[in-house]
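In what follows, a single structure is set out as structure tokens and then discussed.
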Amino acid sequence: MPELPEVETVVRGLRAPLVGRTITGLWTDWPKALRPHTPDDFAALLTGQTVHAITRRAKYILCQLDDGLLAIHLKMTGRLYVSGAPESGDRWVHVRFTLDNGQYLHFSDARRFGRVYLAPTLDDFAPGLGPEPLEDDFTPAVLRDRLARRQRALKALLLDQAFLAGVGNIYADEALFRAGLHPRRAASTLTDDETHRLYDSIRAALRAGIDYEGASVNWYRKPDGTAGKSQEHFFVYGRDGQPCARCGQPIIKIRVAQRGTHYCPNCQPER
DNA sequence: ATATCTGCCTGCTCGC
DNA sequence: TGCGAGCAGGCAGATA
Numbered sequence: 386m387p388e389l390p391e392v393e394t395v396v397r398g399l400r401a402p403l404v405g406r407t408i409t410g411l412w413t414d415w416p417k418a419l420r421p422h423t424p425d426d427f428a429a430l431l432t433g434q435t436v437h438a439i440t441r442r443a444k445y446i447l448c449q450l451d452d453g454l455l456a457i458h459l460k461m462t463g464r465l466y467v468s469g470a471p472e473s474g475d476r477w478v479h480v481r482f483t484l485d486n487g488q489y490l491h492f493s494d495a496r497r498f499g500r501v502y503l504a505p506t507l508d509d510f511a512p513g514l515g516p517e518p519l520e521d522d523f524t525p526a527v528l529r530d531r532l533a534r535r536q537r538a539l540k541a542l543l544l545d546q547a548f549l550a551g552v553g554n555i556y557a558d559e560a561l562f563r564a565g566l567h568p569r570r571a572a573s574t575l576t577d578d579e580t581h582r583l584y585d586s587i588r589a590a591l592r593a594g595i596d597y598e599g600a601s602v603n604w605y606r607k608p609d610g611t612a613g614k615s616q617e618h619f620f621v622y623g624r625d626g627q628p629c630a631r632c633g634q635p636i637i638k639i640r641v642a643q644r645g646t647h648y649c650p651n652c653q654p655e656r
């Protein structure tokens, strides 16, 4: 599942083939993926525009155009890659961009959850995103203030993109393990020390994910088609029944906020 | 206002 | 081997 580290890896991999390129065409067999325009309107607005920069905000891939923003959200199973042929043999390509150098940008998405946006600004399709966890303006004090007076479980808050941008199910579990905090712990009950631990752990888990170029648990691949290695370094995600790397007790899986949640009952006690 | 629930989607795994 | 059930889950939109 592409989260901040996976999306960041995709962004870095797309810069070389895409920045400076002009988009000359658009094909889709899944109009619902395009927001908010119809395919014809979308293509008319997009073609002829040059990609000047590719950045990331939360889990959105942002392509800065001459006029406005082309944004892509990979959701669960989305993949992006550039190749020299329009037919890639990939049955799940539902949107394809033609580039001025004869190459093609393919958006493959088995589950069809992914979306492609064309809008003047990010706020037009993704308003109200929380802070970027790896930016300098995200500080322990910011996290403390946002946790205060919230009764929700830590796991639920970490998944909430309005609370903090970019964290998903994998890195939420990994961050809570690193912090030694139970996923169901009520946000407002954290001590200053625990808040600092959570802050450090969120950033450490995300930075590790980026360093290992994302987690190829199932669908995620880098734009060059190879797998990331982040999953080889998980402490808890997908490791239910296996021994905790720190204490040897079995990792267990529960449901928190309708999400599969993995943790060590010994290293992350309930209270 | 905050918190929780439902629907969107389909590949994949598991049990029979 | 075939088949149905259940699971995976980010996010928009609805509901409590």
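For the first sequence, the numbering used here gives the first residue as 386, with consecutive numbering after it.
Think of the CB as a built atom: it goes at the ideal place given N, C-alpha and C, for glycine as much as any other residue.
- A check of alpha carbon separations from Ala-418 across Ile-639, Arg-500, Met-386 identifies Arg-500 as the nearest.
- Runs of the alpha helix (DSSP H) lying entirely within the region 561-644 and spanning at least 4 residues, in chain order: 577-596.
- When the five nearest sequence neighbours on each side are left out, no beta carbon in the same chain lies closer than 6 Å to the beta carbon of Arg-592.
- Relative to Gly-513, the option among Ile-446, Val-404, Val-602, Arg-442 whose CA is nearest is Arg-442.
- Partner residues in the beta bridge of Arg-420, as assigned by DSSP, are Tyr-502.
- Within the model, the alpha-carbon separation for Tyr-489 versus Ala-401 is close to 14 Å.
- Across the structure, His-458 and Met-386 are spaced so that their CA atoms are roughly 11 Å apart.
- Note that the C-beta distance between Arg-588 and Leu-519 is below 9 Å.
- Nearest to Asn-486 by alpha-carbon distance, out of Thr-574, Gly-433, Arg-476, Tyr-556, is Gly-433.
- Annotation for Tyr-648: Asp-558, Leu-561, Phe-562, His-567, Pro-568, Val-621, Ile-636, Ile-637, Ile-639 place their beta carbon closer than 8 Å to its own, counting only its chain and skipping 5 residues before and after.
- Straight-line measurement puts the Cα of Leu-549 at about 13 Å from the Cα of Ala-572.
- The Cβ neighbour count for Ala-470, taken over all protein chains shown within 10 Å, is under 16; the residue is labelled exposed.
- For Leu-459, there is no enclosing alpha helix (DSSP H), as DSSP marks it with neither H nor E.
- If you check the CB distance, Thr-462 and Asp-509 do not come in under 9 Å.
- The continuous stretches of beta strand (DSSP E) do not include Asp-451, and DSSP gives it neither H nor E.
- The bridge partners DSSP lists for Ser-493 are Arg-464, Val-478.
- With distances taken between CA atoms, Tyr-502 lies nearest to Asp-426 out of Asp-625, Tyr-605, Asp-426.
- The C-beta of Gln-643 has fewer than 16 other C-beta atoms within 10 Å across all chains shown, which makes the residue exposed.
- In this structure, Arg-531 is the residue among Arg-531, Ala-526, Trp-412, Pro-505 with its C-alpha nearest to the C-alpha of Gly-515.
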